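Visitor:
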Amino acid sequence: MTTAARFRALHTRGLLRLANAWDAGTARLIEHLGAPAVATTSAGLAWAQGYPDGDALDVDALLHAVAGIARVIEVPLTVDVEGGYADHPDTVAGIVLRVVHAGAAGINLEDGAGDPAVLAAKIRAIRQACTAQGVDVFINARTDVYLRGLAEDGMRVDETLRRAAAYREAGADGLFVPGLVDADAIRAIAADCSLPLNVMLRPQLQDLAALEALGVRRVSTGSALAESMYGRLATQVGNFLRDDRTALPDPQAMGYGAVNGLFG
Numbered sequence: 013m014t015t016a017a018r019f020r021a022l023h024t025r026g027l028l029r030l031a032n033a034w035d036a037g038t039a040r041l042i043e044h045l046g047a048p049a050v051a052t053t054s055a056g057l058a059w060a061q062g063y064p065d066g067d068a069l070d071v072d073a074l075l076h077a078v079a080g081i082a083r084v085i086e087v088p089l090t091v092d093v094e095g096g097y098a099d100h101p102d103t104v105a106g107i108v109l110r111v112v113h114a115g116a117a118g119i120n121l122e123d124g125a126g127d128p129a130v131l132a133a134k135i136r137a138i139r140q141a142c143t144a145q146g147v148d149v150f151i152n153a154r155t156d157v158y159l160r161g162l163a164e165d166g167m168r169v170d171e172t173l174r175r176a177a178a179y180r181e182a183g184a185d186g187l188f189v190p191g192l193v194d195a196d197a198i199r200a201i202a203a204d205c206s207l208p209l210n211v212m213l214r215p216q217l218q219d220l221a222a223l224e225a226l227g228v229r230r231v232s233t234g235s236a237l238a239e240s241m242y243g244r245l246a247t248q249v250g251n252f253l254r255d256d257r258t259a260l261p262d263p264q265a266m267g268y269g270a271v272n273g274l275f276g
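This note's numbering numbers the first residue of the sequence shown as 13 and each following residue consecutively.
Right, dumping it as structure tokens:
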């Protein structure tokens, strides 16, 4: 079974929990803690490389980061490639092939505020390019209908399902709907999209068993873990730089030996 097939199979039973990493170290820690797969956060990975989120990341920097993560983990890796870092479907397909060859078993690819036909064309081009090279990748099609409010409230379920059908026909393996939090809407989309439904954690979605009961097959943390790390680090560094007394070393730190042992 290929790594992509192993990753695809994780969507067929229970709820796949994906804690999003942003570099090789966080990916290795997530694997060490028992994760069956590792996902990247586009925001966290971009920040770690010194770029803002939003298709601004240099492709070579992305590939270097993906290769570094793949080197230290054995579980499947799925990479958020945002909008594909290009407009033309063939160019996006070429970039995705490079990501796959760097070690990715899956990708996230988003429509953003653009024409959904563009994302469908990108998915189709990726499928054709992968078939031509004899490689496989799990394509998680992200639609921003809820995240960006791309339809009126009463029409968002229908619009999401319309896009899901187009993305599925183009070759998508999964549907990612960040910003989706309403239980009735989750249930309706999960039942009718004919793809494993992925949602992103929000304060309203803390009951993971309830999500699974609604039909969700994949839940991811997005940039939440990276934001938490930056917030905690900002507090500690600010305290160290400004105050006469410091709380460092952090009593919650893993410790040098434990962290170093992840890579031995």
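Just so you know, even glycine gets a beta-carbon here, dropped at the ideal spot from N, CA and C.
What you are looking at is a predicted structure, and each value in this text was computed from that prediction instead of being measured.
Considering only the alpha carbon of each residue, which of G267, L30, L207, R160 lies closest to E181?
Guide: If you compare the alpha carbons of G267, L30, L207, R160 with that of E181, the shortest gap goes to L207.
Visitor: Roughly how many whole angstroms lie between the Cα atoms of L209 and G161?
Guide: 19 Å
Visitor: In angstroms, rounded to a whole number, what distance separates the CA positions of R83 and G37?
Guide: 11 Å
Visitor: Does the stretch 118-130 touch the stretch 89-96, meaning 3 or more C-beta pairs lie closer than 8 Å?
Guide: The answer is yes - the stretch 118-130 touches the stretch 89-96, with three or more Cβ pairs under 8 Å.
Visitor: Could you give the distance in angstroms between the alpha-carbon of W34 and the alpha-carbon of V108?
Guide: 18 Å
Visitor: Spatial neighbours of A133 within its chain, please: CB distance less than 8 Å, with the 5 preceding and 5 following residues excluded, ordered by chain position.
Guide: P101, A182
Visitor: With DSSP as the reference, label V93 as helix, strand or coil.
Guide: In the structure shown, V93 sits in coil (DSSP, three-state: anything other than H, G, I, E or B).
Visitor: Note down the Cα distance separating D196 from D165, rounded to an integer number of angstroms.
Guide: 13 Å
Visitor: I'd like to confirm the pairing. Which residues does DSSP put opposite R110 in its beta bridges?
Guide: None; R110 has no bridge partner.
Visitor: As a quick exercise: from E239, R199, Y242, pick the residue whose alpha carbon is nearest that of A222.
Guide: Closest by C-alpha distance to A222, out of E239, R199, Y242, is R199.
Visitor: Which residues in the same chain as V104 place their Cβ atom closer than 6 Å to its Cβ, once the five residues preceding and following it in sequence are excluded?
Guide: G96, A98, K134
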